[in-house]
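Residue numbers (UniProt numbering): 1 to 141.
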Amino acid sequence: MTSFHRLLSKFGFPKSLSPRSNPRNLHRRLRTQAVPVSINSKMQANGRGSRGSSNGGEDSVNFRLSPSSDLRIQKGDITRWSVDGSSDAIVNPANERMLGGGGADGAVHRAAGPELRTACYNVREVRPGVRCPTGEARITP
Numbered sequence: 001m002t003s004f005h006r007l008l009s010k011f012g013f014p015k016s017l018s019p020r021s022n023p024r025n026l027h028r029r030l031r032t033q034a035v036p037v038s039i040n041s042k043m044q045a046n047g048r049g050s051r052g053s054s055n056g057g058e059d060s061v062n063f064r065l066s067p068s069s070d071l072r073i074q075k076g077d078i079t080r081w082s083v084d085g086s087s088d089a090i091v092n093p094a095n096e097r098m099l100g101g102g103g104a105d106g107a108v109h110r111a112a113g114p115e116l117r118t119a120c121y122n123v124r125e126v127r128p129g130v131r132c133p134t135g136e137a138r139i140t141p
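Right, dumping it as C-alpha cells:
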C-alpha cells in the first residue's frame, strides 16, 4: 500500500480508492473525491506538511503556504471546531444548489442556522437550479 493510499485510508475515503481499483475508474474517483488529498500527499512527501493534533485530539495536517498563510486539513466534526480568530474559512462540500443537503453540508447548514441558507439562496444561479457548478467555489458569510 502506497503512502498516498494510507493517507486516504486514514482520512476515511472509501475502499473504492484502494490500489487494487481499476486505474481508469481510480483516476475519475480521485478527480471527484480526493484531489486535495492527493496534492497535499505530495506536499507532505516533499516535507512541506506536518502532522499535528487539534481540537479534541483529532488528526490534522498543516502546510505553511507563505509566511502569513497556513493550510490545515483536519478530520472530524467541522461544526464543533472553535473559531478563534485564526480560522478564516471552511470548505463546505455543498451540492450545486447550495441550499443544504445531507452529510457534512447538512451539518454545516444546521450549525450555521438560517443565515447561511439565506446567503446561499441569494447567490445568483448560473443556470436553472445551479448556483455553484461542480469544481467551482462561492464565498458566503
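Ideal Cβ placement from N, Cα and C applies to all residues, glycine included.
Below 8 Å on the Cβ atoms is my guess for residue 98 versus residue 138; work out the distance and round it to an integer in Å.
For the purposes of this step, residue 98 is identified with residue 98 of the sequence shown, where counting begins at 1. For the purposes of this step, residue 138 is identified with residue 138 of the sequence shown, where counting begins at 1. With 8 Å as the limit, residue 98 and residue 138 qualify as a contact, their Cβ atoms being about 7 Å apart.
Output the boundary residues of the beta strand (DSSP E) element that contains residue 116.
Position 116 of the sequence shown, counted from the first residue, corresponds to residue 116. Note, residue 116: premise wrong, no beta strand (DSSP E); alpha helix (DSSP H) at 114-121.
Where residue 65 and residue 75 are concerned, what is the direct C-alpha to C-alpha distance, given to the nearest angstrom?
Indexing the sequence shown from 1 puts residue 65 at position 65. Indexing the sequence shown from 1 puts residue 75 at position 75. Computed Cα separation, rounded: 20 Å.
List the whole-angstrom C-beta distance separating residue 60 from residue 73, where the pair is believed to meet the contact cut-off of C-beta under 8 Å.
On the sequence shown, position 60 is the one that residue 60 refers to. On the sequence shown, position 73 is the one that residue 73 refers to. Sure, about 6 Å apart at Cβ, within 8 Å.
Distance check for residue 101 and residue 68, CA to CA, integer angstroms please.
Against the sequence shown, residue 68 aligns to sequence position 68. Against the sequence shown, residue 101 aligns to sequence position 101. Approximately 34 Å, taken between the alpha carbons.
Assuming residue 105 contacts residue 114 (C-beta within less than 8 Å), just tell me the rounded distance between them.
One-based indexing of the sequence shown puts residue 105 at position 105. One-based indexing of the sequence shown puts residue 114 at position 114. Rounded, the Cβ-Cβ distance is 15 Å, inconsistent with contact.
Let me check understanding here. Comparing Cα to Cα, which of 121, 122, 124 and 95 lies closest to residue 135?
Taking the first residue of the sequence shown as position 1, residue 135 is located at position 135. Residue 135 has its Cα closest to that of 95, out of 121, 122, 124 and 95.
How is the beta strand (DSSP E) around residue 71 delimited, first residue to last?
In the sequence shown, the residue the question calls residue 71 occupies position 71. First-last of the beta strand (DSSP E) with residue 71: 69-74.
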